[in-house]
Amino acid sequence: MNAPAETRKFEAEVAQVLHLVTHSLYSHKEIFLRELISNASDACDKLRFESIAKPELSAGDSELHIDVSWDPDARTVTVRDNGIGMNRNEVVANIGTIASSGTRRFLEAMSGEQKADARLIGQFGVGFYSAFVVADRVTVLSRRADAPAGEGVKWESDGKGEYSLEPVELAERGTAVILHLKADEDEFLSRWQLRALITRYSDHVAFPIRMPTEKDDKPTDEFETVNAASALWTKPKSEISDEDYQSFYKSLGHDFNDALAWTHNRVEGSQSFTTLLYIPSQPPFDLMMGGRDERKGLKLYIKRVFIMDAAEELLPNYLRFVRGVVDADDLPLNVSREILQHNRQLERIKAACVKRVLDLIEKLAKDEPEKFATFYKAFGNTLKEGISEDANNRERIAKLLRFTSTKGEGSQQTVALDDYIGRMAVGQDTIWYITADSYAAAAGSPQLEAFKAKDIEVLLMSDRIDEWMIGSLSEYEGKKLKSVAKGEVPLDEAGKKKQEEATKEAAPLLKKLKDLLGDRVGDVKVSARLTDSPSCLALSDYEMAPHLARLLREAGHEMPENKPTLEINPQHALLKRVEAETDEAKAKDLATLLLEQAEIAAGAQLPDPSAFVQRMNRVLLG
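Going by this note's numbering, the final residue of the sequence shown carries number 651, and the count climbs one at a time with no gaps.
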């Protein structure tokens, strides 16, 4: 028995999406046609896949296609497909509500500075709602392929808070989206304009996109295919222009920008497959926020039949920014996600994809430095995740990383690890680095002083991921990587002797500071790192940098409380003042400030900022 007609309210988040889309995308109105055709293509893909197990689903109408028509008298544009279709519950789930975990992120992005960024529409899977940019009423007619004609569904809304649902008789399976255009949108009642948009955004959709022919400025009943309707990746590279590649990328990646680079390969042999992989020129909004919850990076086809969005199986997480398709000949057509996770053939395809992407990035680094700089600015931090995640390619990834350095000129000039090794002094066997939460903090760290005095280059790592990443990169090209802030500073025999004498001479001062600081420090030592500053923190080789510990603590992680080692420069005037101070309260204030300024310089969080301010004021006034 058919459910009765009814009117429902949109979910609150749908209402927000509709408001933002209709008020923010006026400069990209044409996006609606790309998104509706993309949805229609997905519906055809789903039917073709389900028909493998149930051939009866496509019986009587096996030629899948998408029709785009217009009616100048009724002022409508219709996008119709003969794909899988939807039943009543699916219509409600797919249009009336948004269950996607990415919706809130979409709303936050569209509400912020990127308000008019139409790239976000398709990436968050809310493309249907772009119809309301040009239409003041949208009607959807749909019947699922396995449902009888009497179980069609009609959905209709003006996008202002409510929608209606009612059962209808539909002779054909599939979905029709009918846009009742706003008064000022006559441009989309032109066959020429609609066809131009199809050519620009949807030419390489793998199903025929058909339009009525025209006579006397009116559509006829005859349809003709207006797109290439072929799987671009199956063509020989010699027959594909750069414009073709870019057009396909834009329809695939829901992006208005050109791709930065791409690689197209066919592998023949015991296992045959084709890959077409793109690197975007800009990162998606949610790249560092678990963007894989939304549209996946790569689409998997088997013998040109779409199987699934399968980024997790086809590429590792650190290459999640890559877009593209993989078309395999040798996997079973009825493959499931569970089978994919344990499929050796797919592991070989994944390894090949990783190799192709790294080859492409290496080529950019070698031959197109400007493009590589664009890539690294967008995806360098994501690539760094591979140091920990992909041990097999760790050396290749490390070769692609770039860092600022004490031998550079500001935060914009970067060096590769190979550049650093090429400048090493004779006998140097260590790549020295420091991590901090900003370039200024790294470049100004007191822990660099002895290295600068000896003209030893130090890499300045100031991205949040660096401290975590470097834990998996202990060696490169046979050279150890070591933090200037951790462990003992290597000294020659003369240096060791000088250090021993300085420690012996400062013994009373060291004891005084230990007594004054009590359990706030693990130890107090004479520093081999400092030449100008009075104090700094020293960490053990395996201790986490204070700035990272602070970030993790702020994120809700429990972190062990390590008592720091305070290193001092006994020759500094502040230490001389502590040494000479006979008033214990004043001496304690000075000693505590020496510790706290060292903690601040290292990016640690002061346990009591208010007490620090009061202490500083007492010293300044004293």
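For every residue, glycine included, the Cβ atom is placed at its ideal position computed from N, Cα and C. Since the structure is predicted, the reported quantities are computational estimates derived from the model, not experimental observations.
Is DSSP giving residue i helix, strand or coil here?
{"i": "Val553", "result": "strand"}
{"i": "Asn294", "result": "strand"}
{"i": "His48", "result": "helix"}
{"i": "Phe302", "result": "strand"}
{"i": "Asp165", "result": "strand"}
{"i": "Met498", "result": "helix"}
{"i": "Ser639", "result": "helix"}
{"i": "Val648", "result": "helix"}
{"i": "Leu489", "result": "strand"}
{"i": "Thr435", "result": "coil"}
{"i": "Arg558", "result": "coil"}
{"i": "Arg109", "result": "strand"}
{"i": "Phe658", "result": "No answer is possible for residue 658: it lies beyond the span of the chain, which begins at 30 and ends at 651."}
{"i": "Phe350", "result": "coil"}
{"i": "Ser129", "result": "Bear in mind that a pLDDT of 46 at Ser129, under 50, signals an unreliable position, so the number given afterwards is only what the model happens to contain. Reduced to three states, the DSSP call for Ser129 is coil."}
{"i": "Val518", "result": "coil"}
{"i": "Asp447", "result": "helix"}
{"i": "Met317", "result": "Residue confidence is low: Met317 scores 48 on pLDDT, short of 50, so the model does not pin down where it sits. Its coordinate-derived value is still stated next. In this structure, Met317 counts as helix in the three-state DSSP scheme."}
{"i": "Ala468", "result": "The sequence given here has Tyr at residue 468, not Ala. Tyr468: helix per DSSP, three-state reduction."}
{"i": "Arg77", "result": "helix"}
Go ahead and label residue i buried or exposed: buried means 16 or more other beta carbons lie within 10 angstroms of its beta carbon, across all protein chains shown.
{"i": "Lys279", "result": "buried"}
{"i": "Thr36", "result": "exposed"}
{"i": "Trp221", "result": "exposed"}
{"i": "Val459", "result": "First, the residue type needs correcting, since residue 459 is Thr and not Val in the sequence shown. It is exposed - the Cβ of Thr459 has fewer than 16 other Cβ atoms within 10 Å."}
{"i": "Leu604", "result": "buried"}
{"i": "Ser276", "result": "buried"}
{"i": "Gln626", "result": "buried"}
{"i": "Glu414", "result": "buried"}
{"i": "Thr611", "result": "exposed"}
{"i": "Glu583", "result": "exposed"}
{"i": "Pro638", "result": "exposed"}
{"i": "His586", "result": "exposed"}
{"i": "Gly131", "result": "Summary for Gly131: the model assigns pLDDT 45, below 50, so the residue's position carries little reliability; its value from the coordinates is reported in the next sentence. Gly131 comes out buried."}
{"i": "Asn421", "result": "exposed"}
{"i": "Val642", "result": "exposed"}
{"i": "Val455", "result": "exposed"}
{"i": "Ala471", "result": "buried"}
{"i": "Leu650", "result": "exposed"}
{"i": "Ser301", "result": "exposed"}
{"i": "Pro237", "result": "buried"}
{"i": "Lys332", "result": "exposed"}
{"i": "Ala257", "result": "buried"}
{"i": "Arg373", "result": "exposed"}
{"i": "Asn118", "result": "exposed"}
Taking the DSSP output, what are the residues bridged to residue i?
{"i": "Gly181", "result": "Val197"}
{"i": "Lys244", "result": "Lys247"}
{"i": "Pro309", "result": "Ala288"}
{"i": "Arg37", "result": "Tyr192"}
{"i": "Gly461", "result": "The amino acid at residue 461 is misidentified as Gly; the sequence shows Trp. Paired residues: Lys511."}
{"i": "Leu566", "result": "Leu595"}
{"i": "Met453", "result": "According to DSSP, Met453 bridges with nothing at all."}
{"i": "Leu170", "result": "Lys183 and Ala205"}
{"i": "Met337", "result": "Leu329"}
{"i": "Ser159", "result": "BP columns for Ser159 are empty, so no partner."}
{"i": "Ala357", "result": "Phe302 and Ile331"}
{"i": "Thr254", "result": "Arg239"}
{"i": "Trp262", "result": "According to DSSP, Trp262 bridges with nothing at all."}
{"i": "Asp100", "result": "Thr105"}
Pull up the CB-CB distance for residue i and residue j, whole angstroms please, since I reckon it's below 8 Å.
{"i": "Ser417", "j": "Met498", "result": "6 Å"}
{"i": "Ser231", "j": "Ile66", "result": "5 Å"}
{"i": "Leu281", "j": "Trp291", "result": "At roughly 11 Å, the Cβ-Cβ gap does not stay under 8 Å, so Leu281 and Trp291 are not in contact."}
{"i": "Val555", "j": "Ala531", "result": "5 Å"}
{"i": "Thr303", "j": "Asp356", "result": "5 Å"}
{"i": "Phe39", "j": "Tyr192", "result": "7 Å"}
{"i": "Leu327", "j": "Gly353", "result": "5 Å"}
{"i": "Ala620", "j": "Leu542", "result": "5 Å"}
{"i": "Asp96", "j": "Arg239", "result": "5 Å"}
{"i": "Ile227", "j": "Val169", "result": "That belief does not hold up - the Cβ atoms of Ile227 and Val169 are roughly 20 Å apart, past 8 Å."}
* Are three or more beta carbon pairs between the stretch 194–213 and the stretch 103–113 nearer than 8 Å? -> yes
* Inter-stretch contact at 8 Å, needing at least 3 Cβ pairs: the stretch 483–502 / the stretch 417–434 -> yes
* With a cut-off of 8 Å, do at least 3 Cβ pairs link the stretch 399–407 to the stretch 468–488? -> No, the stretch 399–407 does not touch the stretch 468–488.
* Counting pairs of Cβ atoms below 8 Å between the stretch 515–533 and the stretch 563–575, do you hit three or more? -> yes
* Please determine if the stretch 469–476 and the stretch 500–510 are in contact, where contact requires at least 3 C-beta pairs separated by less than 8 Å. => no
* Asked: Taking three-plus beta-carbon pairs below 8 Å as touching, is the stretch 573–593 in contact with the stretch 615–635?
  -> yes
* To do: State whether the stretch 449–464 contacts the stretch 369–387, with contact taken as three or more CB pairs (one from each stretch) at a distance under 8 Å.
  => By the Cβ rule, the stretch 449–464 does not count as touching the stretch 369–387, because fewer than three pairs are nearer than 8 Å.
* To do: Check whether the stretch 73–87 touches the stretch 108–124, taking contact to mean three or more Cβ pairs, one atom from each stretch, closer than 8 Å.
  => yes
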